[in-house]
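Be aware that the sequence shown starts at 13, since it is given in the numbering used here, and climbs by one per residue. Glycine included, each C-beta is placed from N, C-alpha and C at the ideal position.
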Amino acid sequence: MSAPSREDGSKEEEKDEEANRLLEEAGAVSSSSEEDVAYEAGEKILVADFEFDTVDDATVPPFSWKKLWLFTGPGFLMSIAFLDPGNLEGDLQSGAIAGYSLLWLLMWATVMGLLIQLLSARVGVATGRHLAELCRDEYPHWARLVLWFMAELALIGADIQEVIGSAIAIQILSRGVLPLWVGVLITASDCFFFLFLENYGVRKLEAAFAVLISVMGLSFAWMFADARPNREELLMGILVPRLSSKTIRQAVGVVGCVIMPHNVFLHSALVQSRKVDPNKKGRVQEALNYYSIESSAALSVSFMINLFVTTVFAKGFYGTKQAKNIGLVNAGQYLEEKYGGGVFPILYIWGIGLLAAGQSSTITGTYAGQFIMGGFLNLRLKKWMRALITRSFAIVPTIIVAIVFNRSEASLDILNEWLNVLQSMQIPFALIPLLTLVSKEQLMGTFRVGPVLERVAWTVAGLIIVINGYLLLDFFISEVNGVMLGLLACSCTTAYIAFIVYLVSQSGILPSAWVNRLPKGFSSTGN
């Protein structure tokens with residue numbers, strides 16, 4: 013009789029466990045109906061631990077290649093922001109004007125970008141919520157509305173560059189038959205492609221992006237092999253830091269392209285596509301370990317692609333009269349004149365790579381827009397509606413821009429400068445909240461960053477903000493003329509700096525004596 017009783021007892025335990033699991037899922041569904049979430053419970057990928065089910069919650073399971081594969085995806089989606097058309101334009105201009113001399117800066121800028129993105133992933137995994145949602149709870153109503161507005165501005169600026177980059181590629185591949193505005197409309201349809209893929213699950217979407225990254229890699233690697241850059245100069249450029257007064261602007265551009273504000277928000281949401289219980293410390297640490305490996309691999313690929321583009325233009329145009337005139341619009345034409353046609357003309361290889369970069373980055377922009385809007389405003393909209401709204405925010409101004417600025421290459425270059433400035437201005441409003449939240453013990457628990465990493469992160473963030481501040485100052489000195497425009501610029505700059513000071517005062521990084529000297533509105537916290 014004892015054997016059947018043990019069997020009945022085990023069955024009862026199994027039933028209890030199943031009932032608890034169903035109750036937890038029901039709780040998750042009910043809570044998600046009240047609050048916007050990055051992924052519904054049914055959409056998340058289950059990372060099963062078949063071999064180590066007996067490991068307690070505080071222990072990190074041993075490394076598994078199978079589990080690394082299951083965690084692979086979010087980092088590569090995140091890496092696409094390092095390969096968008098705006099970055100490619102920065103690469104080609106850096107190569108044409110500075111030659112190989114800034115490759116070391118490209119490498120270390122990518123390392124700084126990796127650090128920021130790992131902190132973003134850390135927040136998402138440890139809390140089970142993404143950065144926009146956490147900002148909604150961390151800051152007062154007026155502050156989170158300002159942060160949302162700034163994030164949307166950055167997203168729109170990036171999206172315009174990405175859509176126009178795709179449109180330029182379509183124009184190249186159609187041999188000029190399709191004008192820029194038609195290319196913009198074709199690119200706008202990626203919203204529906206994105207929705208179509210998303211219906212089939214996260215892994216299908218990640219596979220599509222893997223194909224686009226592969227197309228970029230193969231296209232620009234082909235160009236690299238065709239151009240045959242000098243190997244010794246390439247290695248010297250990577251290993252030996254060099255900077256001259258003539259290349260400061262390009263150096264600032266290289267660092268400025270690394271941090272895309274919307275990408276910081278995006279990565280903290282993407283990592284939630286895997287089922288990781290934030291209450292189980294061992295599982296959280298395991299996920300962070302796998303995401304660190306995956307993100308490092310993804311940004312290594314992006315670094316190589318950026319290096320290919322930089323060196324091709326360094327080999328072909330450094331020290332020539334055309335160097336300062338090359339931009340995204342005419343790059344294909346200059347490449348064809350320099351390297352000729354061949355079996356497969358380099359113009360079309362460039363067009364294919366640029367199209368893959370533009371299409372992939374516009375889709376991730378749509379994805380980021382959903383998380384930013386849903387997180388800050390807590391909107392419970394259907395995904396197709398949210399994607400359509402997000403896409404419209406960028407497409408409408410982009411069509412206007414394509415029609416107005418499609419008069420000459422110079423006008424598109426001016427537009428690109430303004431868009432770079434727009435995005436540079438938003439960087440503090442992504443970095444400061446991220447570093448504030450990742451350092452809070454009551455939010456992160458044991459996964460808050462340590463004092464050394466916290467100082468390093470704030471140093472990197474401060475360096476990026478100062479470098480972009482230099483870019484802004486240089487731009488406004490050269491572009492802002494007249495008393496009225498000057499006064500308007502000064503007023504906006506004062507408000508801009510005041511809001512940054514407010515965010516820093518809330519971070520806990522400043523000594524309490526300094527914070528107490530600030531006006532009352534600056535030292536208030538909470539909702």
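Residue environment, residue i, which counts as buried when at least 16 other CB atoms sit within 10 Å
i           : result
residue 147 : buried
residue 496 : exposed
residue 362 : buried
residue 202 : buried
residue 397 : exposed
residue 41  : The pLDDT assigned to residue 41 is 41, lower than 50, so where the model puts this residue is not dependable; a value taken from the coordinates is nonetheless given after this. With fewer than 16 other Cβ atoms within 10 Å, it is exposed.
residue 356 : exposed
residue 160 : buried
residue 149 : exposed
residue 453 : exposed
residue 83  : buried
residue 276 : buried
residue 507 : exposed
residue 327 : buried
residue 237 : exposed
residue 145 : buried
residue 462 : exposed
residue 176 : buried
residue 332 : exposed
residue 211 : exposed
residue 252 : exposed
residue 208 : exposed
residue 43  : The pLDDT assigned to residue 43 is 42, lower than 50, so where the model puts this residue is not dependable; a value taken from the coordinates is nonetheless given after this. Looking at its Cβ environment, which holds fewer than 16 other Cβ atoms inside 10 Å, residue 43 is exposed.
residue 10  : Since the first residue of the chain shown is 13 and the last is 539, residue 10 is not available in this structure.
Cβ pair residue i, residue j closer than 8 Å
i           : j           : result
residue 126 : residue 372 : no
residue 221 : residue 321 : no
residue 218 : residue 370 : no
residue 403 : residue 200 : yes
residue 108 : residue 351 : no
residue 310 : residue 87  : yes
residue 388 : residue 156 : yes
residue 235 : residue 341 : no
residue 312 : residue 214 : no
residue 186 : residue 367 : no
residue 405 : residue 174 : no
residue 270 : residue 124 : yes
residue 433 : residue 485 : no
residue 254 : residue 450 : no
residue 364 : residue 227 : yes
residue 162 : residue 438 : yes
residue 272 : residue 170 : yes
Proximal residues to residue i (C-beta, below 7 Å), its chain only, five neighbours per side dropped
i           : result
residue 296 : 137, 138, 288, 290 and 459
residue 376 : 89, 92, 93 and 278
residue 359 : 184, 344, 347 and 348
residue 79  : 59 and 302
residue 281 : 50, 136, 142 and 383
residue 409 : 168 and 172
residue 229 : 313 and 317
residue 262 : 105, 106, 109, 110 and 114
residue 250 : 115, 116 and 119
residue 411 : 193 and 196
residue 132 : 143, 276, 279, 280 and 446
Close-in-space but distant-in-sequence residues of the same chain around residue i (CB under 6 Å, 5 per side omitted)
i           : result
residue 294 : 69, 70, 71 and 72
residue 546 : Residue 546 lies beyond the stretch modelled for the chain, which goes from 13 to 539, so this question has no answer here.
Cut-off 8 Å between Cβ atoms - residues of its own chain near residue i, not counting five sequence neighbours on either side
i           : result
residue 206 : 217, 375, 378, 379 and 399
residue 55  : 213, 214 and 285
residue 338 : 104, 105, 108, 325, 329 and 346
residue 242 : 112 and 327
Indicate whether the contact test is met: 3 or more Cβ pairs, each with one atom in the segment 444 to 464 and one in the segment 510 to 521, closer than 8 Å.
Yes: the two stretches touch, three or more of their Cβ pairs being nearer than 8 Å.
Using 8 Å as the threshold, is the segment 265 to 276 in touch with the segment 112 to 129, meaning 3 or more CB pairs across them?
The way I'd put it, the segment 265 to 276 does touch the segment 112 to 129; three or more beta-carbon pairs between them come closer than 8 Å.
Jot down the residue ranges of each uninterrupted alpha helix (DSSP H) in the segment 224 to 304, minimum 4 residues, whole runs only, in chain order.
Runs of the alpha helix (DSSP H) inside the segment 224 to 304: 243 to 251, 260 to 268 and 273 to 282.
Is the segment 466 to 484 touching the segment 127 to 134 in the sense that three or more CB pairs, one from each, lie closer than 8 Å?
Contact check between the segment 127 to 134 and the segment 466 to 484: three or more CB pairs, one atom from each, fall below 8 Å, which counts as touching.
Whole runs of the alpha helix (DSSP H) within the segment 181 to 206, excluding any shorter than 4 residues:
If we require 4 residues or more, the alpha helix (DSSP H) runs fully inside the segment 181 to 206 come out as 192 to 200.
With a threshold of 8 Å, are at least 3 pairs of Cβ atoms found where one atom belongs to the segment 427 to 441 and the other to the segment 93 to 102?
They touch, by the three-pair rule.
If we require 4 or more residues per run, which alpha helix (DSSP H) segments fall completely within the segment 459 to 492?
463 to 491, all fully within the segment 459 to 492.
Quick one: which unbroken alpha helix (DSSP H) runs of 4-plus residues sit fully inside the segment 330 to 387? Chain order, please.
Listed in chain order, they are 343 to 351.
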